[in-house]
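Working notes, beginning with the structure itself.
Number of protein chains: 2
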Amino acid sequence: MKLHSQKVKGGKAMAIPRILVVDDDMDMRQMMIQFLRQNGSIALPAANGAEVRAHIDGGRVDLVLLDVMLGDENGLKICQELRREQDVPIIMVSALSADNQRMEGYAVGADDYIAKPFNPELLLARVKAVLSRTRRTSSLVHRRNTKTFRFNGWTYDAKSSQVLSPDKIQVALSRRETALLQVLLANPHIPLTREEIATSLDVTGETQPANEASGRAIDVLVGRLRNKIEANPKDPQILKTERGVGYVFAIDVAVSDT
Amino acid sequence: MKLHSQKVKGGKAMAIPRILVVDDDMDMRQMMIQFLRQNGSIALPAANGAEVRAHIDGGRVDLVLLDVMLGDENGLKICQELRREQDVPIIMVSALSADNQRMEGYAVGADDYIAKPFNPELLLARVKAVLSRTRRTSSLVHRRNTKTFRFNGWTYDAKSSQVLSPDKIQVALSRRETALLQVLLANPHIPLTREEIATSLDVTGETQPANEASGRAIDVLVGRLRNKIEANPKDPQILKTERGVGYVFAIDVAVSDT
DNA sequence: CGGAGTCCGTTACACAACGTTACGAAAGCA
DNA sequence: TGCTTTCGTAACGTTGTGTAACGGACTCCG
Numbered sequence: 002m003k004l005h006s007q008k009v010k011g012g013k014a015m016a017i018p019r020i021l022v023v024d025d026d027m028d029m030r031q032m033m034i035q036f037l038r039q040n041g042s043i044a045l046p047a048a049n050g051a052e053v054r055a056h057i058d059g060g061r062v063d064l065v066l067l068d069v070m071l072g073d074e075n076g077l078k079i080c081q082e083l084r085r086e087q088d089v090p091i092i093m094v095s096a097l098s099a100d101n102q103r104m105e106g107y108a109v110g111a112d113d114y115i116a117k118p119f120n121p122e123l124l125l126a127r128v129k130a131v132l133s134r135t136r137r138t139s140s141l142v143h144r145r146n147t148k149t150f151r152f153n154g155w156t157y158d159a160k161s162s163q164v165l166s167p168d169k170i171q172v173a174l175s176r177r178e179t180a181l182l183q184v185l186l187a188n189p190h191i192p193l194t195r196e197e198i199a200t201s202l203d204v205t206g207e208t209q210p211a212n213e214a215s216g217r218a219i220d221v222l223v224g225r226l227r228n229k230i231e232a233n234p235k236d237p238q239i240l241k242t243e244r245g246v247g248y249v250f251a252i253d254v255a256v257s258d259t
Numbered sequence: 002m003k004l005h006s007q008k009v010k011g012g013k014a015m016a017i018p019r020i021l022v023v024d025d026d027m028d029m030r031q032m033m034i035q036f037l038r039q040n041g042s043i044a045l046p047a048a049n050g051a052e053v054r055a056h057i058d059g060g061r062v063d064l065v066l067l068d069v070m071l072g073d074e075n076g077l078k079i080c081q082e083l084r085r086e087q088d089v090p091i092i093m094v095s096a097l098s099a100d101n102q103r104m105e106g107y108a109v110g111a112d113d114y115i116a117k118p119f120n121p122e123l124l125l126a127r128v129k130a131v132l133s134r135t136r137r138t139s140s141l142v143h144r145r146n147t148k149t150f151r152f153n154g155w156t157y158d159a160k161s162s163q164v165l166s167p168d169k170i171q172v173a174l175s176r177r178e179t180a181l182l183q184v185l186l187a188n189p190h191i192p193l194t195r196e197e198i199a200t201s202l203d204v205t206g207e208t209q210p211a212n213e214a215s216g217r218a219i220d221v222l223v224g225r226l227r228n229k230i231e232a233n234p235k236d237p238q239i240l241k242t243e244r245g246v247g248y249v250f251a252i253d254v255a256v257s258d259t
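Chains as they are written, first to last, in the working numbering: chain A, 2 to 259; chain B, 2 to 259.
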């Protein structure tokens, strides 16, 4: 069972659920994050209330998986605080499985309460159920404001994931090429190593070969993208190589909301 | 614990929830109804699919507590049918508590799945959680009549199962194509794997497990549906492919009552 | 200047996922 | 019974992407 997705042939970007995983046990957290990512979501880690707050305030979070026992802190309290201000769905996760403990979770506003240890597939199903209800009940799925990137005469529209050449001709990028372009556009003038690019691509979905050992895949991918967006691929002006480091998007990018 | 609070933040009075209790065991049904009524809701009895249908079509129902085993009938099937036409929240209740049985419940669109025997107080808490989320996310939307789906100029009426093209011409879909469209409409923007689609179709679709081994059946079915509802089937804008995942209904769907 | 090692660009290839078509079996209908 | 529709299966074509191999370019060091 897969949770989400993000790109399809033609390179359209989709809304990927962003799930905040809150647990102070690093192993547990990593396990959950890895599993959720394998099933197609963007899973973000947090270990305490401050980190939760930072994520919620800072970026979009579609769902919170909240452990009850967080060292000194109390997940129930965090849940209650969140619920006062936010509509973000919350699923409590806890080793405390007694009925009255579960009811405490629901009492502070949790949408679901799952006892540890749990079957990951079942967790996934319940995550999906909560996300599904959230989406279903808004009669029309609300669209986020999208951004348009411009660089060197080129245009990239984040919503439609379409790339237009300077002559307004649409260029077809593959999924992976689109993902690479997105990563680069998000980090202009910042050299990125192959590992950084690879993990970024994996977070945004796609495959998880994980074995970055003989990883010339990024080089080939870069080459292919250059063939499509560089005027002269042999002498790249946009996607440049930093020898011994990685690649840079070495050009100014104008970002505008639509 | 009270099920409904008289007032919420902002001072508006909240309606008393109407809960439909579906169970063919009369004692069980009565117990649940009495308990729910004691806790401030309007609980209505139903013992089979026809009674459920009558209640849903006839009056306002805020939540359905649906037993899985209903004599000859299957609660899962009823759940799926409801989910295709209605947004009413559904909590499955069942003596079948194995993980895969729970997951089947979530797969057909249940909002929660509670195993018998259960703690009544915990049931109440979960009922509250589901109702709470429903109110939070859709304070204005009625969930009463048959739904009409609109996407990209197309119209699908859940009750008559008719599909109208943008030019108001009725398009004939086969039974299986219609079922697929229903599944997709119920999960817009959520990628579905072939297994998920197949099991969803099978719950209502009489067809047998059909050994999903060489299962390209879904692909072919998707292709056929695309040929009917996509302007350009070669470049699908509605029913998109998520490589390595499955398919998505990647378009905003407006749901309205009729 | 030159040589060796490293890093990178490029091409070809293999493979997996998906689209498409044809065909036949089963079910519905006259 | 014969015709039509529906739908799963099989087979083949297409596309996207990682791997491997080769060769060029750069760097360090003498």
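We put the CB at the ideal spot given by N, CA and C, even for glycine.
Outcome for residue i when other beta-carbon atoms lying within 10 angstroms are tallied against a minimum of 16
| i | result |
| --- | --- |
| Arg-244(A) | exposed |
| Lys-129(A) | buried |
| Arg-85(B) | buried |
| Lys-148(B) | buried |
| Gln-39(B) | exposed |
| Gly-106(B) | buried |
| Gln-183(A) | buried |
| Gln-81(B) | buried |
| Met-27(B) | exposed |
| Asp-58(A) | exposed |
| Ala-180(B) | buried |
| Ser-42(B) | buried |
Cα-Cα separation, residue i to residue j
| i | j | result |
| --- | --- | --- |
| Met-104(B) | Ala-232(B) | 36 angstroms |
| Val-62(B) | Asp-88(B) | 10 angstroms |
| Asn-120(A) | Ala-108(B) | 15 angstroms |
| Asn-49(B) | Asn-75(B) | 9 angstroms |
| Ser-98(B) | Ile-115(B) | 8 angstroms |
| Arg-217(A) | Thr-242(A) | 14 angstroms |
| Pro-192(A) | Ser-175(A) | 23 angstroms |
| Ala-126(B) | Ala-96(A) | 19 angstroms |
| Gln-31(A) | Val-23(A) | 10 angstroms |
| Leu-123(B) | Asp-100(A) | 7 angstroms |
| Pro-118(B) | Leu-66(A) | 27 angstroms |
| Tyr-248(A) | Gly-110(A) | 46 angstroms |
| Phe-150(B) | Val-223(B) | 19 angstroms |
| Pro-18(A) | Ser-133(A) | 11 angstroms |
| Gly-72(A) | Arg-54(A) | 17 angstroms |
| Met-93(B) | Gln-171(A) | 49 angstroms |
Residues near residue i in its chain [Cβ-Cβ closer than 6 angstroms; skip 5 each side]
| i | result |
| --- | --- |
| Pro-189(A) | Phe-250, Val-254 |
| Pro-90(B) | Leu-64, Asp-112, Val-131, Thr-135 |
| Pro-234(B) | Arg-227, Asn-228 |
| Leu-37(B) | Ile-20, Ala-44 |
| Ala-211(A) | Caution applies to Ala-211(A), whose pLDDT of 45 falls short of 50 and renders its modelled position unreliable; the model cannot decide the point. |
| Tyr-157(A) | Phe-150, Val-164 |
Minimum Cβ-Cβ distance from residue i to chain A less than 8 angstroms
| i | result |
| --- | --- |
| Met-104(B) | yes |
| Tyr-107(B) | yes |
| Ala-96(B) | no |
| Ala-111(B) | yes |
| Leu-123(B) | yes |
| Asp-158(B) | no |
| Asp-100(B) | yes |
| Arg-134(B) | yes |
Any non-hydrogen atom of the ligand ADP closer than 7 angstroms to residue i Cβ
| i | result |
| --- | --- |
| Val-128(B) | In terms of ligand content, the structure shown is empty, and the ligand ADP therefore cannot be addressed. |
Proximity test, Cβ basis, 8 angstroms: residue i and chain B
| i | result |
| --- | --- |
| Asp-28(A) | no |
| Lys-129(A) | yes |
| Pro-90(A) | yes |
| Arg-38(A) | no |
| Leu-181(A) | no |
| Arg-176(A) | yes |
| Asp-63(A) | no |
| Asn-49(A) | no |
| Glu-82(A) | no |
| Arg-19(A) | no |
| Ala-44(A) | no |
| Ala-199(A) | no |
Same chain, Cβ closer than 7 angstroms to residue i, five either side skipped, listed in chain order
| i | result |
| --- | --- |
| Pro-1(B) | Nothing can be reported for residue 1(B): it is not among the residues displayed for chain B, which extend from 2 to 259. |
| Ile-219(A) | Arg-195, Ile-198, Ala-199 |
| Arg-225(B) | Glu-178 |
| Ile-34(B) | Val-22, Ala-44, Pro-46 |
Whole-Å CB distance - residue i paired with residue j, under 8 angstroms assumed
| i | j | result |
| --- | --- | --- |
| Leu-64(A) | Ile-20(A) | 5 angstroms |
| Ser-162(B) | Trp-155(B) | At roughly 14 angstroms, the Cβ-Cβ gap does not stay under 8 angstroms, so Ser-162(B) and Trp-155(B) are not in contact. |
Cβ neighbours of residue i in the same chain (closer than 8 angstroms, five flanking residues each side left out)
| i | result |
| --- | --- |
| His-56(A) | Leu-21, Leu-45, Ala-47, Val-62 |
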